[in-house]
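Here the sequence shown is numbered in our numbering, starting from 82 and rising by one per residue.
Everything on this sheet refers to the single structure shown next.
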Amino acid sequence: MAQLGVLLQVPGGRQEMQRKLNADLTVNNQSIELNPFAQEFLARTVLGGISSLRGAENIRDLELYVERGDVKLVVNGEELPLTPFPRDIITSTIVGLVSSLKGVGKIDSLKISISAQ
82 MAQLGVLLQV PGGRQEMQRK LNADLTVNNQ SIELNPFAQE FLARTVLGGI SSLRGAENIR
142 DLELYVERGD VKLVVNGEEL PLTPFPRDII TSTIVGLVSS LKGVGKIDSL KISISAQ
């Protein structure tokens, strides 16, 4: 699991570390190794999309499972129900992002785990 820092721009132009992110990606039951850019991009994309959902405020940990169009989202240990529209957008965005990564072929299932400290 890669540990990433999130930078926060503060007045005066300096940046402060807001929190650390741990990110892990599994595709078709195979762990995918990501370079730092891909890790951070994946983590920020997932957190950005999910944090806009009702009930997904103050995310400490998140697990996203996608398998043949079915989506399961667990935020802070609680499963978050999804209506068709957000489910479809999340699935399309994440599958599109992950499928462009080196070494990823056809995606039958994927799991993304992110924890923020």
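Each residue gets a CB set at the ideal place from its N, CA and C atoms; glycine is no exception.
ask   = Three-state secondary structure (DSSP) at leucine 106?
value = Locating residue 106 in the sequence shown gives position 25, where the first residue counts as 1. The answer is strand: DSSP assigns leucine 106 an E or B state.
task = Give the single residue among Leu134, Ala104, Asn109 whose Cα lies nearest to the Cα of glutamate 121.
result = Counted from its first residue, the sequence shown places residue 121 at position 40. When each option's Cα is compared against that of glutamate 121, the closest is Ala104.
Counterpart residues of glutamine 111 in DSSP-defined beta bridges = The residue you call residue 111 lines up with position 30 of the sequence shown. Glutamine 111 is bridged to Val108.
ask   = Given that a residue counts as buried once 16 or more other Cβ atoms are within 10 Å of its Cβ, and exposed if not, what is serine 112?
value = By one-based count along the sequence shown, residue 112 stands at place 31. Flag for serine 112 reads exposed.
query = DSSP state of serine 181, grouped into three classes?
reply = Counting from one through the sequence shown, the residue named residue 181 turns up at place 100. Note: serine 181 maps to coil in three-state DSSP.
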